[in-house]
Amino acid sequence: MKKYGVFDVLGPIMIGPSSSHTAGAARLGKIAGTMAGCRIVKVDFLLHGSFGKTYRGHGTDRALVAGILGMEPSDERLRDALQIAKDQGIEINFIEKDLGEVHPNTVKFIITCANNRVISVVGSSIGGGNIQINEVDGDKVEFTGAYPTLIISHKDVPGQVSKVTAYLYENNINIAFMKVFRNHRGQIANMVFETDNKIPSEVLENIKRIPDIERLTYISPVKEGEA
22 MKKYGVFDVL
32 GPIMIGPSSS
42 HTAGAARLGK
52 IAGTMAGCRI
62 VKVDFLLHGS
72 FGKTYRGHGT
82 DRALVAGILG
92 MEPSDERLRD
102 ALQIAKDQGI
112 EINFIEKDLG
122 EVHPNTVKFI
132 ITCANNRVIS
142 VVGSSIGGGN
152 IQINEVDGDK
162 VEFTGAYPTL
172 IISHKDVPGQ
182 VSKVTAYLYE
192 NNINIAFMKV
202 FRNHRGQIAN
212 MVFETDNKIP
222 SEVLENIKRI
232 PDIERLTYIS
242 PVKEGEA
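According to this note's numbering, the stretch in the sequence shown is residues 22 to 248, in order.
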């Protein structure tokens, strides 16, 4: 079980009235933008529960967009994120939506890239600026963004996990948490590794070359000041 420190409980340095609605929202946006990995031209934010009811008054709208733009929760520009996105030609839409049995502070990002590729990310702000990503492109995942995170989509065939972990072991990269998710046997599965140290680019390139790897996404920690 993940342990939280006093600063997780009290909340981070941020712009805005609420760590859940501002810091957490900005971190969710930053991860979603990183996972898109493209020039973003449009984002639909499907806001569930408390997010949907209070996003204007609590500044959640600006925080989510600031994250998409790559800003930290403490960035002074966060207040102007909506205008900055408009100036960059990014279409922004906020939609109240019941996303089912999920945390009340949950958002689904539907991101359109300049090349017309669309990616969806579902995540929750769970308090104190902490977050959890729950779904990517309709596939279940689970990670917090507090660690360097490696997400690999691959064909569900024997040996994939051991091939990836061998590269991590050879490069002295310690795995803090690891989970594997799949919807159907023999189709596409997702591995999620949260590691204690950063993964060098050359290691990521070697992992990409493993047969039956469909897609690899690497995310640096979204909390300021973490390795």
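Idealized CB from N, CA, C, for every residue including glycine.
Asked, Found
"Status (buried if at least 16 other CB within 10 Å, exposed otherwise) for R230", "exposed"
"Simplified DSSP assignment, three categories, for I240", "strand"
"Buried versus exposed call for G246 [16 or more other C-beta atoms within 10 Å across all chains shown]", "For G246, the predicted model reports a pLDDT of 47, less than 50, meaning its position is unreliable and no value from the coordinates is stated."
"For N227, three-class secondary structure by DSSP", "helix"
"Which of helix, strand or coil DSSP assigns to I234", "strand"
"Short Cβ contact (7 Å threshold) for T75 with A46", "no"
"Proximity test, K74 beta-carbon vs the ligand MG heavy atom, cut-off 6 Å", "The ligand MG is not among the ligands present in this structure, which contains no ligands whatsoever."
"Buried versus exposed, by CB contacts within 10 Å (16 or more), N136", "exposed"
"Nearest-angstrom Cα separation, counted from L85 out to D96", "13 Å"
"Per-residue DSSP class, three states only, for T219", "A quick correction: the sequence has Lys, not Thr, at residue 219. If DSSP states are grouped into helix, strand and coil, K219 belongs with coil."
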